[in-house]
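Okay, so here's the structure we're looking at.
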Amino acid sequence: MHPFEGILIANREMCYLVMSELFKHKPFQVMLAKQQIPFSDVRSSIDLQNINEPISIINDRDAAPDYHRDEITAFVEENTVEDVIDIECNHLRDRIDFYGTILERMFMSGIGPGDQEFDAIKNIVNTYKNAESQISDLRGPEFNNKDRRRW
Numbered sequence: 028m029h030p031f032e033g034i035l036i037a038n039r040e041m042c043y044l045v046m047s048e049l050f051k052h053k054p055f056q057v058m059l060a061k062q063q064i065p066f067s068d069v070r071s072s073i074d075l076q077n078i079n080e081p082i083s084i085i086n087d088r089d090a091a092p093d094y095h096r097d098e099i100t101a102f103v104e105e106n107t108v109e110d111v112i113d114i115e116c117n118h119l120r121d122r123i124d125f126y127g128t129i130l131e132r133m134f135m136s137g138i139g140p141g142d143q144e145f146d147a148i149k150n151i152v153n154t155y156k157n158a159e160s161q162i163s164d165l166r167g168p169e170f171n172n173k174d175r176r177r178w
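This is how it looks when you write it as structure tokens:
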């Protein structure tokens with residue numbers, strides 16, 4: 028199995044990196060499972076036995092700056108804890124709406140309470156609602172004063 032033609036076939040190290048990342052990717056694992064294809068049945072000219080071992084690449088260039096860390100620093104400098112609570116609550120409300128729409132469509136299709144999948148989605152919605160409520164409750168009287176500071 029070759030993930031891409033051309034450049035990866037000629038570059039074993041890059042092909043190994045791509046294949047190892049592909050096998051770590053959850054949607055790919057789910058796709059294989061749905062098709063009932065065990066990892067051992069996937070044929071490749073690349074040795075995938077040590078798929079979970081870290082891969083070291085020799086690079087003559089200086090290490091790249093940690094951009095992720097800079098994003099975190101910027102986020103912390105630009106937001107208060109109350110802002111973070113609002114952001115997280117909004118994300119959770121989006122998920123609640125998304126799964127609520129799925130429940131509506133399931134119900135309109137004749138699938139309702141008592142159905143295993145319907146009940147599982149309903150539990151997901153309830154879990155998100157509980158999480159949103161708990162995170163929202165983190166806003167307390169201590170956040171209402173005017174002397175708010177950054178973390």
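Mind the numbering: the sequence shown is residues 28 to 178 in my numbering, read in order.
C-beta atoms are modelled at their ideal positions from N, C-alpha and C, and glycine is treated no differently.
Computed from a predicted model, the values in this text were never measured in an experiment.
When we look at the beta-carbon of residue i and count the other beta-carbons within 10 Å, is it buried (16 or more) or exposed?
| i | result |
| --- | --- |
| Leu-119 | buried |
| Glu-80 | Reliability fails at Glu-80, whose pLDDT of 49 lies under 50, so the model's placement of it is uncertain and no value is given. |
Out of curiosity, what's the CA-to-CA distance linking residue i and residue j?
| i | j | result |
| --- | --- | --- |
| Lys-51 | Tyr-155 | 27 Å |
| Ala-158 | Phe-55 | 29 Å |
| Glu-98 | Gln-161 | 26 Å |
| Met-133 | Ser-47 | 37 Å |
| Glu-104 | Ile-112 | 15 Å |
| Gln-143 | Asp-110 | 37 Å |
| Ile-64 | Leu-44 | 21 Å |
| Leu-165 | Val-108 | 9 Å |
| Asn-212 | Pro-140 | Absent from the model: residue 212. The displayed extent of the chain is 28 to 178, so no value can be given. |
| Gly-167 | Gly-127 | 28 Å |
| Met-58 | Phe-102 | 35 Å |
| Gln-62 | Ser-136 | 26 Å |
| Ser-163 | Ala-60 | 38 Å |
| Ile-114 | Asn-153 | 19 Å |
On the three-state DSSP scale, how would you describe residue i?
| i | result |
| --- | --- |
| Ile-84 | Only weak support is given to the placement of Ile-84: the predicted model assigns it a pLDDT of 46, under 50, and the value that follows is read from those uncertain coordinates. Here Ile-84 sits in coil by DSSP. |
| Ser-160 | helix |
| Pro-54 | helix |
| Arg-120 | helix |
| Gly-167 | coil |
| Gln-143 | helix |
| Ile-148 | helix |
| Ile-64 | coil |
Answer yes or no: do residue i and residue j have a C-beta to C-beta separation smaller than 8 Å?
| i | j | result |
| --- | --- | --- |
| Ile-129 | Ile-148 | yes |
| Ile-151 | Phe-145 | no |
Closer than 8 Å, CB to CB, is residue i near chain C or not?
| i | result |
| --- | --- |
| Ile-162 | In the displayed structure, chain C is absent; only one protein chain is listed. |
Do residue i and the ligand PLP come close, with the Cβ less than 7 Å from some heavy atom?
| i | result |
| --- | --- |
| Arg-120 | The ligand PLP is not part of the structure shown, which contains no ligands of any sort. |
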